[in-house]
Each structure stands twice: as structure tokens, then as C-alpha cells.
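In the UniProt record's numbering, the protein residues as written are 1 to 265.
Glycine included, C-beta positions come from ideal geometry on N, C-alpha and C.
Accompanying notes for the structure given below.
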Amino acid sequence: MWALSAWLNPLEPKAAPPQAPAPFEPPAAGSSLPTRLSGSFISAARGGIKTNWVIALPPGQTGLLRPVIALHGKDGNAGMMLDLGVEEGLAQLVKSGKPPFAVVGVDGGKTSYWHRRASGGDSGAMVLEELLPMLAAMGMDTSRVGFLGWSMGGYGALLLGARLGPARTAGICAISPALFSSFTGSAPGAFDSYDDWMAHRVVGLPALNQIPLRVDCGTSDRFYFATRQFVNQLKNPPAGSFSPGGHDAEYWREHLPGELAWMAS
1 MWALSAWLNP LEPKAAPPQA PAPFEPPAAG SSLPTRLSGS FISAARGGIK TNWVIALPPG
61 QTGLLRPVIA LHGKDGNAGM MLDLGVEEGL AQLVKSGKPP FAVVGVDGGK TSYWHRRASG
121 GDSGAMVLEE LLPMLAAMGM DTSRVGFLGW SMGGYGALLL GARLGPARTA GICAISPALF
181 SSFTGSAPGA FDSYDDWMAH RVVGLPALNQ IPLRVDCGTS DRFYFATRQF VNQLKNPPAG
241 SFSPGGHDAE YWREHLPGEL AWMAS
């Protein structure tokens, strides 16, 4: 019931709000969509910046699927999720009989931390007010979406999933989320001021007690203690685990298959 019939060409940069690509005819009988679609748009929310996107699909699909939005970490981009093995993970997922879904990566800026900054750029608004409507115009069912993110993107997944709310957020998977116990202990550039940090904390957000959560973090990760504090204040224990590992691609690749399977459940 998640499959949607649409065949898309890459999106050319246009003035905001982003325009959906013109649809082609659905694939002929016996054929399927490619496992990767990509394009870009000019984001008004990010100050007129060209913003790349990429959609990973499991093999053998004849229509687009409900999306999980993948948010990259610091210094990353839309392709980070591909580097971590999302395409291979989606293929294994459908091979094992799990429901298919699409994973959508998008440029958010190297140090945006997925919220409005003093510069005026707002990568969070780009996702919620530009990317999601664009995906809907492309034919995807965005009435319910998932969020997945690593490091800065793990924090962003919690923030944006809570902002979208439990009525529309099907689940959030935060991997090694870049969480800070204090403003003074936050990474340089993560927040513009103490007030900015307070306004965009995810600790205590009521919506996060109403949305299915998974949190994975390595016990040698520099964000381990702040992530423990976050998990401990939730009303319901999230899925996921604290297990041996650091803040690196090796840990993220190791846990990705289980995280994708959880998103499909």
C-alpha cells in the first residue's frame, strides 16, 4: 500500500518553492525504477542556495515509496547515506521480505544543525516546508514520514520529527546524535547563542514521547553521556542500544541494517 506510481526525471534548479520534476509514463510492464534518483532545487529557506537531493530505492520497484528523510552529519551532504550503505541495506531489506520504503538524502549545510541560524538560513524549514512538499508533488505519500540521521543529523532527526509531530512522523532513528548537556559544552558553530541552544533543545520535547524512537550510540562516542541523559528522561525507553563503538562510519555501517529493519517495522 506504500507503492506509488510515478517516474521522474532529475529536478533542474528553479526558483523557490521547489517544483516537482515533470513525471514520465510509469515503467513498462516487466521493468522497474532505478535504485537511485537525484536532482537539486534552489532553497529559499537556505537563502537561495542550490540544494542537492538523492533518493535511494530498493531494486525491483515499479513506483515510488513512502519516504524516510536521511539527515547527514557535520561536513556531510545528501550523499552521506549512500556512503554508509543505504542502497545495499534497502536491497537486503526487501530480499528478506520487509516492506520497502525510499530513503531521501538532502544537503543541509556543513554546520547547520538543522535549525534556523543567525545568518537567516534554516535547513530545518527547508526539509519541512520545501523538501516534503516537493516529494509530495513528485507523487510520494508524505502524510506519514520517517526520519533517520547521524551525528548532527541524528540531532536534526529528533528536532524535525518532533516539530512535524506525532500525527505525521512515523518514526525517528537517531544514530550517535550530536547532543550537548550545556551550551558551553556544545561544539563551536552548533548554536549561535545560549538562547539559540535553549530554543532548539530536544530534551523534554513532549512530541518525542509520542513518536516511535530508536537511538543507537557507541559507548566510546563523545556524545555518549549526553545521549544517555536524553534517553533516561524519555517516558518510554526507545529501541536501539548503547554498544561498543565510536563516532565513526564503521559503527554507523555496522548498525545500519538493524536500523533500516526497524524503520520498516
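* For Gly33, which of Arg46, Trp53, Pro59 has the nearest alpha-carbon? -> Strictly speaking, residue 33 in this sequence is Leu, with Gly absent from that position. Of Arg46, Trp53, Pro59, the residue nearest in Cα terms is Pro59.
* Asked: Under 8 Å between the Cβ atoms of Arg214 and Glu250?
  -> no
* Is Gly63 helix, strand or coil when you go by DSSP? -> coil
* What does Leu213 pair with, by DSSP beta-bridge criteria? -> Ile172
* Reference Trp53; option with closest CA among His72, Pro166, Ile172, Ser220 -> His72
* Are the region 104-116 and the region 36-53 in contact at 8 Å, needing three or more beta carbon pairs? -> yes
* State buried or exposed for Tyr194, treating a residue as buried only when at least 16 other CB atoms are found within 10 Å of its CB. => exposed
* Asked: If you compare alpha carbons, which of Val145, Ser181, Ser182 is closest to Gly165?
  -> Val145
* What is the rounded straight-line gap between the Cα of Gln233 and the Cα of Gly171? -> 18 Å
* As assigned by DSSP and simplified to three states, the class of Arg116 -> strand
* Taking Phe225 as the reference, which of Phe242, Ile211, Asn209 has the closest Cα? -> Phe242
* 3-residue-minimum beta strand (DSSP E) runs that sit fully inside the region 66-97, ordered along the chain -> 67-71
* Asked: So, helix, strand or coil for Leu131, using DSSP?
  -> helix
* **Spatial distance of Leu135 from Asp141 (CA atoms)** => 8 Å
* Status (buried if at least 16 other CB within 10 Å, exposed otherwise) for Ala78 -> buried
* Taking all protein chains shown into account, decide if Glu25 is buried (16 or more other Cβ within 10 angstroms of its Cβ) or exposed. => Residue confidence for Glu25 is low, a pLDDT of 42 falling below 50, so the modelled location carries little weight; the figure read from the coordinates is stated next. Exposed.
* To do: Within the same chain, show all residues whose beta-carbon is closer than 7 Å to that of Gly48, passing over the 5 residues directly before and after it, in chain order.
  => Ile42
* Asked: If you check the beta carbons only, do Pro177 and Leu158 fall under 8 Å apart?
  -> yes
* **Residue closest to Ala261, alpha-carbon to alpha-carbon, out of Asp75, Val103, Leu37** => Val103
* The alpha helix (DSSP H) spanning Thr51 covers which residue range? -> No alpha helix (DSSP H) holds Thr51; the beta strand (DSSP E) holding it covers 49-56.
* To do: With a cut-off of 8 Å on the beta carbons, I'd call Asp221 and His247 a contact; round off their distance for me.
  => 4 Å
* Asked: Helix, strand or coil for residue 285 per DSSP?
  -> Absent from the model: residue 285. The displayed extent of the chain is 1 to 265, so no value can be given.
* Bridge partners of Val103, per DSSP? -> Ala56, Val68
* Among the residues of its own chain, which have a CB less than 8 Å from the CB of Asp75, if the five just before and after it don't count? -> Lys110, Thr111
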